[in-house]
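Undergrad: Residue numbering for the sequence shown follows this note's numbering, starting at 13 and increasing by one per position.
Structure in C-alpha cells, see below.
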Amino acid sequence: SGPRVVVVGGGFGGATAAKYLKRYDPTLDVTLIEAAPTHFTCPFSNTVVVGMNDMSYIERKFDKLTSMYGVKVFTDTVIAIDPATKVVKTAGGKTFEYDRLIVSPGIDFKWNAIEGYDAAAAEIMPHAWKAGPQTMLLKKQLEAMPNGGLVVIAPPGNPFRCPPGPYERASLIASYLKRNKPKSKLLILDAKDAFAKDKLFKEGWEKMYDDIIEWVPAAKNGKVSKVNAKDGTVETDFEKFKPAVANIIPPQSAGQIAISAGLADKSGFCPVDPNTFESTLAKNVHVIGDAAIAGDMPKSGYSASSQAKVCAAAIIALLKGEKPLPLSAINTCYSLVAPDYGISVAAVFQVKDGKIASVPGSGGVSPLGANYQFRKKEADFAAGWYQSICQDSWA
Ligand code: FAD
Numbered sequence: 013s014g015p016r017v018v019v020v021g022g023g024f025g026g027a028t029a030a031k032y033l034k035r036y037d038p039t040l041d042v043t044l045i046e047a048a049p050t051h052f053t054c055p056f057s058n059t060v061v062v063g064m065n066d067m068s069y070i071e072r073k074f075d076k077l078t079s080m081y082g083v084k085v086f087t088d089t090v091i092a093i094d095p096a097t098k099v100v101k102t103a104g105g106k107t108f109e110y111d112r113l114i115v116s117p118g119i120d121f122k123w124n125a126i127e128g129y130d131a132a133a134a135e136i137m138p139h140a141w142k143a144g145p146q147t148m149l150l151k152k153q154l155e156a157m158p159n160g161g162l163v164v165i166a167p168p169g170n171p172f173r174c175p176p177g178p179y180e181r182a183s184l185i186a187s188y189l190k191r192n193k194p195k196s197k198l199l200i201l202d203a204k205d206a207f208a209k210d211k212l213f214k215e216g217w218e219k220m221y222d223d224i225i226e227w228v229p230a231a232k233n234g235k236v237s238k239v240n241a242k243d244g245t246v247e248t249d250f251e252k253f254k255p256a257v258a259n260i261i262p263p264q265s266a267g268q269i270a271i272s273a274g275l276a277d278k279s280g281f282c283p284v285d286p287n288t289f290e291s292t293l294a295k296n297v298h299v300i301g302d303a304a305i306a307g308d309m310p311k312s313g314y315s316a317s318s319q320a321k322v323c324a325a326a327i328i329a330l331l332k333g334e335k336p337l338p339l340s341a342i343n344t345c346y347s348l349v350a351p352d353y354g355i356s357v358a359a360v361f362q363v364k365d366g367k368i369a370s371v372p373g374s375g376g377v378s379p380l381g382a383n384y385q386f387r388k389k390e391a392d393f394a395a396g397w398y399q400s401i402c403q404d405s406w407a
C-alpha cells in the first residue's frame with residue numbers, strides 16, 4: 013500500500029484530516045488513534061448544559077471513517093512520539109510507524125495557574141471545557157442550585173479554546189435561570205478586558221438579562237486568582253465569593269502529548285509552518301487545531317477542520333515531492349445569546365509575512381441592532397452549521 017500517515021486525536025482536526033487524506037488519495041495508508049471510543053463535541057455542549065439538547069446530540073462516532081473512507085481507527089492513547097525513528101507508541105502497548113504524522117490532541121489545562129484549581133478541584137468546580145462528564149457535572153449543578161443562587165463563570169486570558177465560548181455559556185445559563193430560577197445572578201469574573209463579539213453579546217445581555225448577568229473585567233479586578241474547592245470559595249485579588257455553581261475555565265496549553273513529544277514552545281502551544289502545519293520543532297510531524305499556533309485563526313472547531321484540509325493536501329504534495337499550495341483557510345463562529353438568538357463572526361485567512369493573517373475585508377460580524385427575525389435566522393444557521401461540520405468531519 014501507499015505511504016503511511018498516522019493521525020493522533022479524532023476531534024475536529026484529526027477526524028477531518030484522516031477523512032480528507034483518504035478522499036484526496038485513497039492509496040494512502042491512514043491510521044487514526046483516538047483515546048476515547050466516541051467523541052463529544054464542545055460545539056453545542058453549552059446547549060446540553062442548559063437542557064436544550066441531550067448528550068447524544070453532541071456524540072460523534074468513528075465507524076463511518078472506516079466503512080466509507082477506509083481509515084483504520086484504533087481506540088488507544090498515544091504516550092510517545094519519536095520523530096527520529098518515526099514511531100508512535102500507545103498506552104495499549106502498540107507501536108505505529110509513519111511517513112508523516114498529524115497531531116491534533118486539542119488542549120489541556122494549566123493546573124494551579126489559578127491557585128487551588130487542579131484536576132481534583134475540577135470535579136467540584138467544573139471547567140466543562142472538554143465535553144463529556146464535565147458537561148454533565150455542570151448541568152447537574154445548575155439543576156440542583158436554589159432559585160436566588162449565584163453562578164460564577166471565570167474565563168481565562170488569551171489564547172484559549174473558543175474565544176466566544178464562555179460568553180455563549182453565560183448567555184444560555186442566564187436564559188435558563190430567567191426561565192427556571194429568576195432570582196438568581198450570574199457573575200462573569202474575567203481575566204480580560206475585552207472578548208470576542210463583546211458588543212453583540214452585551215447588546216443581547218442588556219435586552220434580555222440585564223438583572224441577571226454582571227460582567228467584571230480584569231481592569232475592575234475580575235480576574236480570579238484563587239479557589240478553594242472544599243469550602244466552595246472563589247477569590248479575586250480583592251473579593252471573595254461563595255457561589256452555588258462555580259464554572260472555572262483555567263488557562264490552557266496544547267494537549268499533553270504535544271508537550272511531552274517536544275512539539276510545544278514556551279507558550280505551551282506548537283509552532284508550525286503556516287502553509288503545511290509541519291512542526292518547526294520536529295520534521296514530518298504536523299500539528300493542527302487548538303494545539304497549533306495559527307496566527308490570527310481562533311482556536312475553534314471550524315479552524316481545526318479547515319486547517320485539517322490544508323494539512324492533508326500539503327502532506328499529499330510533500331509525499332509526492334511536490335510543492336504544497338499556499339494556505340487558504342476559513343472560520344465562522346456562531347454563538348447563541350438565547351436559544352432563538354444567534355450571532356456570528358467569519359473570516360478568510362492567508363499567509364502574510366510568514367504568519368496566518370485574516371484577509372482584510374473578507375469576513376465580518378453580525379450587525380448590531382438587528383431585529384428578532386434576523387437573530388432567529390442566525391440561531392437556525394448555527395444549528396445548520398453544526399450538523400454540516402459534523403457531517404464533514406465524521407461521516
Ligand atoms: P478536539 O476536538 O478537542 O479533539 C482532540 C481529540 O484528541 C480528543 O478526542 C481527545 O480525546 C484526543 N486525544 C488527545 N490526546 C490524545 C492522545 N494522547 N492519544 C489519543 N487521542 C488523544 N468551535 C467552533 O468552531 N464552533 C463552536 O460553536 C464552538 N463552541 C465551543 C463551545 C465550547 C463550550 C467549547 C469549550 C469549545 C467550542 N469550540 C467551538 C471550540 C472547539 O471545541 C475546538 O476548537 C476544537 O474541538 C478543536 O479541535 P481539535 O481537533 O484541536 O481538538
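Cβ coordinates follow ideal geometry from the N, Cα and C atoms, glycine included.
(1) Could you check if A303 belongs to the surroundings of ligand 1, using beta carbon to heavy atom distance under 7 Å?
(2) Reducing DSSP to helix, strand and coil, say where R173 ends up.
(3) Using CA atoms only, rank isn't needed, just tell me which of G104, P138, M64 and A369 is closest to G244.
(4) Determine the direct distance from the alpha carbon of P171 to that of F393, and round the result to whole angstroms.
(5) How many angstroms separate the CA atom of A140 from the CA atom of L199?
(6) Can you list the alpha helix (DSSP H) stretches of 4 or more residues lying completely in the stretch 255 to 328, in chain order?
(7) Excluding sequence positions up to five away, which residues of its chain have a Cβ less than 6 Å from the Cβ of V19?
(8) Would you kindly report the start and end of the unbroken alpha helix (DSSP H) that includes F361?
(9) Could you give the DSSP three-state label for A92: helix, strand or coil?
(10) Considering only their Cβ atoms, is the gap separating L201 from K163 smaller than 8 Å?
(11) Flag F213 as yes when its Cβ comes closer than 7 Å to any non-hydrogen atom of ligand 1, and as no otherwise.
(12) Considering only residues of the same chain and omitting the five flanking positions on each side of D277, which have a CB-CB separation below 7 Å?
(13) Going by DSSP in three states, I45 sits in which element: helix, strand or coil?
(14) Among D210, L154, I224 and P176, which one has its Cα closest to the Cα of A186?
(15) Nearer than 7 Å: is that true of the beta carbon of I269 relative to any heavy atom of ligand 1?
(16) Mapping DSSP to helix, strand and coil, what is K447?
(17) If you measure from the CB of Y179, is any heavy atom of ligand 1 nearer than 7 Å?
(18) Can A156 be considered in contact with ligand 1, in the sense that its beta carbon sits closer than 7 Å to one or more heavy atoms?
(19) To the nearest angstrom, how far is it from the Cα of A156 to the Cα of Q146?
(20) Could you pull the DSSP bridge partners for T248 from this structure?
(21) Buried or exposed: D94, going by 16 or more other Cβ atoms within 10 Å of its Cβ?
TA: Reading it off the structure:
(1) yes
(2) coil
(3) Comparing Cα positions, the closest option is P138.
(4) 27 Å
(5) 17 Å
(6) Within the stretch 255 to 328, the complete alpha helix (DSSP H) runs of at least 4 residues fall at 268 to 272.
(7) G26, A29, A30, L44 and I114
(8) Segment Y353 to K364 is the beta strand (DSSP E) holding F361; no alpha helix (DSSP H) there.
(9) strand
(10) Residue identity check: residue 163 is Val in the sequence provided, not Lys. In this structure, L201 does not lie closer than 8 Å to V163 by Cβ.
(11) no
(12) So the list reads P283, once near-sequence residues are dropped.
(13) strand
(14) Closest option to A186, Cα to Cα, is I224.
(15) Yes, since a heavy atom of ligand 1 falls inside the 7 Å radius drawn around the Cβ of I269.
(16) What is shown of the chain runs 13 to 407, which leaves residue 447 out entirely.
(17) no
(18) no
(19) 15 Å
(20) Answer by DSSP bridge pairing, in chain order: V236.
(21) exposed
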